[in-house]
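The next block holds one structure in the form of structure tokens; read it before the comments.
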Amino acid sequence: MISPANPGGAGRGQVARRAVLASTASVSAAIAVALAAPGRAMATTGSEPVRGADHPPAPEPIPAQVPAGEGFLDVPGGRLWFWDTGGDGTPVVLVHPGSGSALSWPYQQPVFARAGYRVIAYSRRGHYNSTPPAPDDPGVGAADLHALVEHLGLPRFHLLAAALGGYYATDYALLHPRRLLSLVILSSFMGISDPEYLRVTKSLRPQGFDNLPHDFLELSPHYRAANEEGARRWKELSDRSLGGHSVPGQDLSEPIDWPRLETLSVRTLIITGDADLYLPPPILPMIAAHLPDAATLVYRRAGHSANWERPSDFNREVLRFWSGTRFPRTSWR
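Residue numbers (the working numbering): 163 to 495.
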């Protein structure tokens, strides 16, 4: 584990912040390269999407990115790449899924930044621009995250994590609850090791499931059929994030069983899509029952990547949650 530095070390935080803000073009350029490709523009609509069972939200164009600085952070056995929009707003740290990287948030970065937040994302070991993990020592995911938090001098912040990133975010929240203002978990098993929970979730995935293409597993069939261009761009970002390699997961600081999860005191929102092949809606109550302060949210006609398939709805609900809005124990959108 990495020993925590002094969270009040303003000098170090300010120096790191000035360094990361020194570059403002390369992050947007990296995302633009990943998204640029010949073909038609992503379908858009000039009016508010019509809602209802037969009229799902229309495909949305990826918005222009807010300028962000970038930097590298050395951690034991590796080096992490991150970007930071800077500013004096409340910090938000985004933790990407196993199929992604710090490039995975083009729908969220400008929206959260323009809402007044300082938005930060990083690539875990082996993902875009970060060094690969050592075969015998992948590092502790929560320790890498804490090293970044200390490096940037973040006193308290919101933490949003997707899929595999939710393992390390949950571990972090259990280790450092006083550093978090809230926790949002999207479509993640959260690293829970309870035997019955593992049996149920494993039963959802037939033999060979993990060998299927990421875009098939993580985008709903409705989205792939209705928005071929959006699905293509999602795959391009995923391919760029992984660099053509399979990236092993990192370690947890210790197992997350039900008794440990029940100590999580951070206000939490857990989200999935009704077409999520990994984490269908009935799994959420199993998790929420062991969280002292949690709400669940399910998006209709969305898969494992609701932040990509339903970005406006996702962003709006997350911003409401960060603002302090109390959600029903269970809600559908």
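Beta carbons are placed, not taken as given, at the ideal position from N, Cα and C, and that holds for glycine.
Subject >> Arg344: first and last residue of the uninterrupted alpha helix (DSSP H) it sits in >> reply: Stepping through the sequence shown from its first residue, residue 344 is reached at position 182. First, the residue type needs correcting, since residue 344 is Ser and not Arg in the sequence shown. It is not in any alpha helix (DSSP H) - Ser344 instead sits in the beta strand (DSSP E) that spans Leu342 to Leu348.
**OP:** For Val281, collect the residues of the same chain with a Cβ closer than 6 Å to its Cβ; drop the 5 residues on either side in sequence, then sort them by chain order.
**Re:** Counting from 1 along the sequence shown, the entry for residue 281 is found at position 119. In the same chain as Val281, and ignoring 5 residues on each side of it, the C-beta atoms closer than 6 Å to its own belong to Thr247, Val254, Gln271, Phe274 and Ala275, in chain order.
Original post:
Can you list, in chain order, the stretches of the alpha helix (DSSP H) that have 4 or more residues and sit fully within the region 217–298?
Top reply: Listed in chain order, the complete alpha helix (DSSP H) runs (minimum 4 residues) inside the region 217–298 are 271–276.
Original post:
With a CB to CB cut of under 8 Å and the five nearest residues on each side skipped, what residues in its chain are close to Ala184?
Top reply: Here residue 184 corresponds to residue number 22 of the sequence shown, with the count starting at 1. For Ala184, the predicted model reports a pLDDT of 43, less than 50, meaning its position is unreliable; a value from the coordinates is still stated below. Result list for Ala184: Gly231, in chain order.
Original post:
Are Trp267 and Ile354 close, meaning C-beta to C-beta below 9 Å?
Top reply: Position 105 of the sequence shown, counting from 1, holds the residue named residue 267. Position 192 of the sequence shown, counting from 1, holds the residue named residue 354. Result no, Cβ atoms of Trp267 and Ile354 do not sit closer than 9 Å.
**OP:** Report yes or no: do the region 355–362 and the region 333–347 share at least 3 C-beta pairs separated by less than 8 Å?
**Re:** Verdict: no, contact absent.
Original post:
Taking the alpha helix (DSSP H) that Val311 falls in, what are its first and last residues?
Top reply: The sequence position of residue 311 within the sequence shown is 149, counting from 1. Gly303 to His313 is the span of the alpha helix (DSSP H), which, as asked, contains Val311.
Subject >> Under 9 Å between C-beta atoms of Thr430 and Ala457 >> reply: Here the question's residue 430 lines up with position 268 in the sequence shown. Here the question's residue 457 lines up with position 295 in the sequence shown. If you check the CB distance, Thr430 and Ala457 come in under 9 Å.
Original post:
When DSSP builds the beta bridges, which residues end up paired with Trp494?
Top reply: Stepping through the sequence shown from its first residue, residue 494 is reached at position 332. Note: Trp494 sits in a beta bridge opposite Val460.
**OP:** Report the three-state DSSP secondary structure of Thr430 (helix, strand or coil).
**Re:** Position 268 of the sequence shown, counted from the first residue, corresponds to residue 430. Shown here, Thr430 sits in a strand according to DSSP, grouped into three states.
Subject >> Through-space distance from Tyr440 to Tyr385, alpha-carbon basis >> reply: For this step, residue 385 is matched to residue 223 along the sequence shown. For this step, residue 440 is matched to residue 278 along the sequence shown. Computed Cα separation, rounded: 16 Å.
**OP:** Compute the Euclidean distance between the alpha carbons of Glu391 and Thr425, then round it to the nearest angstrom.
**Re:** The sequence position of residue 391 within the sequence shown is 229, counting from 1. The sequence position of residue 425 within the sequence shown is 263, counting from 1. Their Cα atoms are separated by approximately 43 Å.
Original post:
Start and end of the alpha helix (DSSP H) containing Phe476?
Top reply: As a position in the sequence shown, residue 476 is number 314, starting the count at 1. Run containing Phe476: Pro473 to Trp484, per the alpha helix (DSSP H) assignment.
Subject >> According to DSSP, residues forming a beta bridge with Ala323 >> reply: If you number the sequence shown from 1, residue 323 lands on position 161. Ala323 is bridged to Val257 and Ile347.
Original post:
To the nearest angstrom, how far is it from the Cα of Arg376 to the Cα of Ala283?
Top reply: To locate residue 376, count along the sequence shown from 1; it is residue 214. To locate residue 283, count along the sequence shown from 1; it is residue 121. Per the sequence shown, the amino acid found at residue 376 is His instead of Arg. Cα to Cα, the separation comes out at about 21 Å.
Original post:
Do you know offhand how far Leu366's Cα is from Pro444's?
Top reply: Here residue 366 is taken as the residue at index 204 of the sequence shown, counted from 1. Here residue 444 is taken as the residue at index 282 of the sequence shown, counted from 1. About 12 Å.
**OP:** Confirm, please, whether the CB-CB distance from Ala331 to Leu307 is below 9 Å.
**Re:** What you label residue 307 is simply residue 145 of the sequence shown in a count that begins at 1. What you label residue 331 is simply residue 169 of the sequence shown in a count that begins at 1. A contact, by the Cβ cut-off of 9 Å.
Original post:
Per DSSP, which one or two residues make a beta bridge with Ile354?
Top reply: Start at 1 with the first residue of the sequence shown, and residue 354 comes out as number 192. Beta-bridge pairing links Ile354 to Ile418.
Original post:
Can you list, in chain order, the residues of its chain whose CB lies under 7 Å from that of Trp494, leaving out five sequence neighbours each side?
Top reply: Sequence index remark: in the sequence shown, residue 494 carries index 332 (1-based). Cβ neighbours of Trp494 beyond the five flanking positions: Val460 and Arg462.
Subject >> Pro221 versus Asp298 - alpha carbon distance >> reply: What you label residue 221 is simply residue 59 of the sequence shown in a count that begins at 1. What you label residue 298 is simply residue 136 of the sequence shown in a count that begins at 1. In a straight line, the C-alpha of Pro221 is about 43 Å away from that of Asp298.
Original post:
Nearest-angstrom Cα distance between Pro229 and Trp245?
Top reply: On the sequence shown, residue 229 is found 67 positions in, with the first residue counted as 1. On the sequence shown, residue 245 is found 83 positions in, with the first residue counted as 1. Cα to Cα, the separation comes out at about 10 Å.
**OP:** Say yes only if the C-beta of Thr252 is nearer than 8 Å to one or more non-hydrogen atoms of the ligand FAD, and no if none qualify.
**Re:** Absent from the structure shown: the ligand FAD. Ligands present: none.
Original post:
Starting from Asp401 and walking both ways along the alpha helix (DSSP H), at which residues does that stretch end?
Top reply: Counted from its first residue, the sequence shown places residue 401 at position 239. Bounds of the alpha helix (DSSP H) holding Asp401 are Glu390 to Leu404.
**OP:** Pick out whichever of Ser415, Ala277, Ile433 and Ser408 has its Cα sitting closest to the Cα of Leu345.
**Re:** Start at 1 with the first residue of the sequence shown, and residue 345 comes out as number 183. Looking at the Cα atoms, Ile433 is the closest of the given residues.
**OP:** Sort out for me which residues DSSP pairs Asp333 with in a bridge.
**Re:** Taking the first residue of the sequence shown as 1, we reach residue 333 at position 171. Looking at the DSSP output, Asp333 sits in no beta bridge, so it has no partner there.
**OP:** Compute the distance between the beta-carbons of Gly278 and Gly327, then report whether it is under 9 Å.
**Re:** Numbered from its first residue, the sequence shown carries residue 278 at position 116. Numbered from its first residue, the sequence shown carries residue 327 at position 165. Note that the C-beta distance between Gly278 and Gly327 is not below 9 Å.
Original post:
Would you report the Cα separation of Asp356 and Leu316, rounded to the nearest angstrom?
Top reply: As a first step, residue 356 is located in the sequence shown; it is residue number 194 there, counting from the start. As a first step, residue 316 is located in the sequence shown; it is residue number 154 there, counting from the start. If you draw a straight line from the Cα of Asp356 to the Cα of Leu316, it is about 33 Å long.
Original post:
Exposed or buried, what is Gly370 when buried is set at 16 or more other beta-carbons lying within 10 Å of its beta-carbon?
Top reply: Position 208 of the sequence shown, counted from the first residue, corresponds to residue 370. By the Cβ neighbour-count rule, Gly370 is exposed, with fewer than 16 other Cβ atoms within 10 Å of its own.
Original post:
Near Pro339, what residues of its chain come up, given a Cβ to Cβ distance below 8 Å and the 5 sequence neighbours on each side ignored?
Top reply: As a position in the sequence shown, residue 339 is number 177, starting the count at 1. Leu426, Ser427 and Val428.
Original post:
Do you know whose CA, among Arg472, Ser403 and Met352, lies nearest Pro223's CA?
Top reply: Translated into the one-based positions of the sequence shown, residue 223 becomes position 61. Residue Arg472 holds the alpha-carbon nearest to the alpha-carbon of Pro223 among Arg472, Ser403 and Met352.
Original post:
Taking 9 Å as the CB-CB cut-off, is Thr332 touching chain C?
Top reply: Included in the structure is just one protein chain, with no chain C present.
Original post:
If we ignore side chains and look at the alpha-carbon of each, how far apart do Asp250 and Leu342 end up?
Top reply: Translated into the one-based positions of the sequence shown, residue 250 becomes position 88. Translated into the one-based positions of the sequence shown, residue 342 becomes position 180. Those two C-alpha atoms are separated by around 17 Å.
Subject >> Local Cβ density within 10 Å of Ala264, reported as buried at 16 or more and exposed below that >> reply: Your numbering for residue 264 matches position 102 in the sequence shown. With 16 or more other Cβ atoms within 10 Å, it is buried.
**OP:** Please classify Ala413: does DSSP put it in a helix, a strand, or coil?
**Re:** For the purposes of this step, residue 413 is taken as the residue at position 251 of the sequence shown. Before going further, note that residue 413 is Asp rather than Ala in the sequence given. Of the three classes helix, strand and coil, the one that applies to Asp413 here is strand, per DSSP.
**OP:** Go ahead and label Gly201 buried or exposed: buried means 16 or more other beta carbons lie within 10 angstroms of its beta carbon, across all protein chains shown.
**Re:** If you number the sequence shown from 1, residue 201 lands on position 39. Caution applies to Gly201, whose pLDDT of 36 falls short of 50 and renders its modelled position unreliable; the model cannot decide the point.
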